[in-house]
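What follows is a single structure, written as structure tokens, with notes after it.
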Amino acid sequence: MSLNVIDDQYNDLPFEVTPYSPTIGAEISGIDLAQPLTDAQVEGVRAALLDRKVIFFRDQDITTEQHLDFARNFGEREVHPFAPHKEGYPEVLAITHDRERPGQENGWHSDVTWRLEPSLGSVLRCLECPPMGGDTLFSDSYAAYDNLPEAVREKVEGKYALHDFEGFRTRLRDRGIGEEQIEAFNKSYPNPEHPVIRSHPETGRKGIYVNAAFTKHIIGMAQADSDALLGVLYHQANMPEYQCRFRWAKNSIAFWDNRACQHYASSDYWPHFRIVERVTIIGDVPYYKSDGPATDLDESPFRGRIKRQHTDPGPNLFKV
Ligand code: SIN
Numbered sequence: 063m064s065l066n067v068i069d070d071q072y073n074d075l076p077f078e079v080t081p082y083s084p085t086i087g088a089e090i091s092g093i094d095l096a097q098p099l100t101d102a103q104v105e106g107v108r109a110a111l112l113d114r115k116v117i118f119f120r121d122q123d124i125t126t127e128q129h130l131d132f133a134r135n136f137g138e139r140e141v142h143p144f145a146p147h148k149e150g151y152p153e154v155l156a157i158t159h160d161r162e163r164p165g166q167e168n169g170w171h172s173d174v175t176w177r178l179e180p181s182l183g184s185v186l187r188c189l190e191c192p193p194m195g196g197d198t199l200f201s202d203s204y205a206a207y208d209n210l211p212e213a214v215r216e217k218v219e220g221k222y223a224l225h226d227f228e229g230f231r232t233r234l235r236d237r238g239i240g241e242e243q244i245e246a247f248n249k250s251y252p253n254p255e256h257p258v259i260r261s262h263p264e265t266g267r268k269g270i271y272v273n274a275a276f277t278k279h280i281i282g283m284a285q286a287d288s289d290a291l292l293g294v295l296y297h298q299a300n301m302p303e304y305q306c307r308f309r310w311a312k313n314s315i316a317f318w319d320n321r322a323c324q325h326y327a328s329s330d331y332w333p334h335f336r337i338v339e340r341v342t343i344i345g346d347v348p349y350y351k352s353d354g355p356a357t358d359l360d361e362s363p364f365r366g367r368i369k370r371q372h373t374d375p376g377p378n379l380f381k382v
């Protein structure tokens, strides 16, 4: 399977697709999200999402109901148990930052991996953006996996890792939530164990499925060894070659596949306002299958040092 998918495949879709980078991200135009989507549009959006991992829409002046309707095309919406929601809309996460509440989503993550059934995808709508900054970055988890040295892949294939919502506990305490209530949350949301390398349920492709925000350790490994190996895996999300970056404008929308990418909201706009709203679509229980479409690395657009690292990781970087 080629990593570089820019070709004629988008010609059949009922809208325009403009890729952002070789393997991740694309802007979709010629579709009005204020209208109910046709079956062909829904299938087209799904195909574009599966291929590009995150897709972007511009100038979509839609209502909250229309935001929810769009997400409904792709699955059931979750109610986040901890994060504040928009008044009257429990399924709409209200993410507001300003002088008193600086940005805090600036860590690489995939949404709600601390759930037993984490998210399929998230649909984020921009209501107000700062004069500059506040971009969101996305990192391709397939490319991150595909370009791991063989020695690292051998260590992580088939392994499971424990996930936890620790960061939210701190935020709950900051909001004055007592220990009794937090203990009740611990019981309602026990730590799941998810595969370190996840097989995507729709594409069959393998991707790294641990993230610095929610993953605690790899099961069955000493904490120091697990930390070292997780450090190598987390580092992959930082590689600019596997990323794209989205500059927000009012009424822009991003729809990302949490099973195939991680994201990072740049917190570089304080003290300005940034108001976005997220509808999160529930996914399935992650699993790992050893077989699946393999990447032909000779087709990889990532040459130079990354390609050399793949064949020769060097003596220290991947010593775990
Ligand atoms: C999120 O992490 O879900 C929010 C991303 C953003 O605000 O850009």
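Counted from 1, the sequence shown has number 121 at position 59 by the working numbering; the numbering is strictly sequential.
The beta-carbon is built from N, C-alpha and C at its ideal position, and this holds for glycine as well.
Quick caveat, the model's predicted, so the values are computed rather than measured.
The C-beta separation of residue 338 from residue 186 comes to about 5 Å, placing the pair in contact by the 8 Å criterion. Not a single heavy atom of the ligand SIN lies less than 7 Å from the C-beta of residue 158.
In the structure shown, residue 342 adopts extended strand secondary structure according to DSSP, grouped into three states. Residue 157 is bridged by DSSP to 338. For the stretch 123-207, the continuous alpha helix (DSSP H) assignments of 4+ residues that do not extend past its boundaries occur at 126-134, in sequence order. In this structure residue 346 is in contact with residue 179, their Cβ atoms being roughly 6 Å apart against a cut-off of 8 Å. Nearest to residue 207 by C-alpha distance, out of 91, 271, 254 and 183, is 271. Under the DSSP assignment, residue 307 falls outside any alpha helix (DSSP H), being part of the beta strand (DSSP E) whose first and last residues are 305-308. Along the stretch 242-276, the beta strand (DSSP E) occurs as fully enclosed runs of 3 or more residues at 255-257, 259-261 and 268-270, listed in sequence order.
Within the same chain, 112 come within 6 Å of residue 265 by CB-CB distance, once the 5 residues on both sides are set aside. Rounded to the nearest whole angstrom, the CA to CA distance from residue 212 to residue 243 is 45 Å.
Using a Cβ-Cβ distance cut-off of 8 Å, the stretch 186-199 and the stretch 309-317 are in contact, since at least three pairs of beta carbons, one from each stretch, lie closer than that value. One residue list follows from the rule of a beta carbon closer than 7 Å to any heavy atom of the ligand SIN, given in chain order as 157, 167, 171, 173, 184, 186, 198, 325, 327, 338 and 340. Of the candidates 353, 325, 203 and 361, 325 places its Cα closest to the Cα of residue 197.
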